[in-house]
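Asks: Dropping the structure in here first, questions after.
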Amino acid sequence: MNRAKVMLVEDDLDWSGGLRNFFANEPEFEIISCVDSKEACLAALDDLGVDIVLMDIILGDSGATGLDAALEIAHRHPAVKVIMLSSLDNDDEVFNEAFLNGAYDFVYKNEFEQIPAVISNALRDQETKYGPRLKKLVYDKKRKLLNPYDVVLLKLILEGKTQQEIADMNCVSLSAVKKHVSRVLDKFQWSRSTKELADKCQKWGLFEEVRDV
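According to the numbering used here, the sequence shown holds residues 31 to 243 in order.
Next up, the structure:
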């Protein structure tokens with residue numbers, strides 16, 4: 031039987047090397063690639079026939095995390111199962127958002143012995159105990175943050191419209207648009223660019239559930 035192909039995304043080379051050696055003789059899967067960033071992961075996925083990605087939550091990328099990478103994989107490679115790995119304890123927000131971003135399951139690094147069983151379940155498309163419920167919980171929470179006016183604003187930003195162009199289109203002042211953008215960023219406690227937030231909201235499916243005005 032052919033073993034499933036697994037990619038490990040981890041910026042701690044010692045840990046990734048140890049994990050690769052530990053699972054070298056697993057009968058059901060093999061780790062065929064180890065990369066250390068979101069961009070390297072996405073580039074490799076375009077070339078390799080990977081079934082499973084083991085994704086570290088915290089990567090060395092200055093502007094990307096394992097959560098960002100998981101969301102991108104869910105949209106570019108929906109057949110690939112992503113299993114998040116983390117050394118963070120008691121961080122429910124990160125744990126829950128992993129599922130919203132398309133992760134199949136979540137394993138703490140100090141419980142890495144569970145990885146083979148989780149991979150086996152993923153290969154068999156077995157539904158996880160908490161995944162669907164937590165995904166819906168976080169989805170509903172984020173959807174409630176947006177009103178129809180917020181959706182219009184974020185869609186225009188995602189289309190590449192500047193704040194001045196948005197102000198002109200809606201016959202309002204630039205100051206009013208800036209205040210609206212600030213309120214949306216505050217709702218999500220977002221510190222990165224508004225366009226990145228708009229992109230995530232679209233990929234989370236939040237625009238589909240709020241009617242335009």
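Backbone N, C-alpha and C define an ideal beta-carbon position, used for all residues, glycine too.
The structure displayed is predicted, hence computed values, not measured ones.
Could you check which residue in K159, K174, V80 and E40 has the C-alpha nearest to that of T95?
Replies: With distances taken between CA atoms, T95 lies nearest to E40 out of K159, K174, V80 and E40.
Asks: Identify the residues that DSSP records as bridge partners of Y138: which are they?
Replies: Among the bridge pairs identified by DSSP, Y138 is matched with S116.
Asks: Measuring alpha carbon to alpha carbon, tell me which of E143, K191, I113 and W234 ends up nearest M37.
Replies: I113
Asks: Is E127 buried or exposed, if buried means 16 or more other CB atoms sit within 10 Å of its CB?
Replies: buried
Asks: Nearest CA to the CA of A152: which residue from A133, Y138, L164 and K165?
Replies: Between A152 and the set A133, Y138, L164 and K165, the nearest pair of CA atoms involves A133.
Asks: Under the DSSP definition of a beta bridge, which residues are partnered with I82?
Replies: V36 and K111
Asks: Have a look at L188 and K233 and give me their C-alpha separation to the nearest angstrom.
Replies: 12 Å
Asks: Which value, in whole angstroms, describes the spacing of the CA atoms of D180 and L49?
Replies: 44 Å
Asks: Check whether the stretch 155-172 touches the stretch 66-76, taking contact to mean three or more Cβ pairs, one atom from each stretch, closer than 8 Å.
Replies: no
Asks: Grouping DSSP H, G and I as helix and E and B as strand, with all else coil, what is E195?
Replies: In the structure shown, the three-state DSSP call for E195 is helix.
Asks: Report, in whole angstroms, the separation of the C-beta atoms of K172 and L101, which I expect to be a contact under 8 Å.
Replies: The Cβ separation is near 13 Å, so there is no contact.
Asks: By how many angstroms is the C-alpha of I149 removed from the C-alpha of A109?
Replies: 14 Å
Asks: With C-beta atoms as the reference, is A228 less than 8 Å away from L164?
Replies: no
Asks: With 16 as the cutoff for other CB atoms within 10 Å, does H105 come out buried or exposed?
Replies: exposed
Asks: Between V214 and the ligand NAD, is there a pair consisting of the residue's CB and a ligand heavy atom that are separated by less than 7 Å?
Replies: Questions concerning the ligand NAD fall outside what the structure shown contains, since it holds no ligand whatsoever.
Asks: For D76, count the other beta carbons within 10 Å of its own beta carbon; 16 or more makes it buried, fewer makes it exposed. Which is it?
Replies: Exposed, by the Cβ-count rule.
Asks: How many angstroms separate the CA atom of Q219 from the CA atom of S117?
Replies: 23 Å
Asks: Would you check if the distance between the CB atom of F53 and the CB atom of R33 is smaller than 8 Å?
Replies: no
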